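The structure appears right after this line, and notes come after that.
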Amino acid sequence: MSRFTLSITAQDADIDELGHVNNAVWVQWIQAIATAHWEAVAPAEHKLAYVWVVTRHEIDYRGSVVAGETVVGETWVEGAPKGARFDRHVRFVGDDGRVKLEAVTTWALLDRGTGRLMRVREDVAAPFYDGPSPLWGEGGSDAGAEG
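In structure tokens form, the structure reads like this:
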């Protein structure tokens, strides 16, 4: 699997009334790292043809982050896509080395032109994995099939 990292420093605007990063901000950071990963590894033609949308978040908040603190986010994709969807893992670690948040988010692939769900083909998923993807076996993918 291809892992991607992104550092984010909490700003005053990210802090809630409890003095730490607001939960809604964490969701924005999860989306930011996932989007940055796609932008970093996807070929230009895929970026023009497809768009990803979140269908589910499962988030475990493990620790607080305050203004000025930097976290390092890491994201990766495990396992084969399921039709139009696949699960992305995200972990944010603080300056103190402790995990602050862990999440699994489910993303769905849309055809940018039609707005319709489409099955995640092997060529679309391959950049998220190191080396050749063994996920589809000898028969290849269901190119063009909808999820």
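The number in my numbering is simply the position in the sequence shown, starting from 1, with 1116 added.
We put the beta carbon where it would ideally sit given N, CA and C, even for glycine.
Just so you know, these numbers come straight off a predicted model, no measurement behind them.
By the criterion of at least three beta-carbon pairs nearer than 8 Å, the segment 1181-1191 is not in contact with the segment 1225-1240. The beta carbons of W1223 and V1141 sit about 20 Å from each other, so the pair does not count as a contact at 8 Å.
Within the segment 1137-1217, the alpha helix (DSSP H) runs of at least 4 residues that lie entirely inside it are, in chain order, 1139-1157 and 1160-1165. Among the bridge pairs identified by DSSP, D1227 is matched with Y1166. Judged by beta-carbon spacing, V1188 lies beyond the 9 Å limit of F1244, meaning their Cβ atoms are not closer than that value.
Distance from the CA of W1192 to the CA of Y1166, rounded to the nearest whole angstrom, comes to 19 Å.
Counting other Cβ atoms within 10 Å of its Cβ, L1134 stays below 16 and is therefore classed as exposed. In the structure shown, V1240 falls within a helical segment according to DSSP collapsed to helix, strand and coil. One thing to note: T1221 has its Cβ within 9 Å of the Cβ of E1174.
Note that the C-beta distance between A1148 and W1168 is not below 9 Å.
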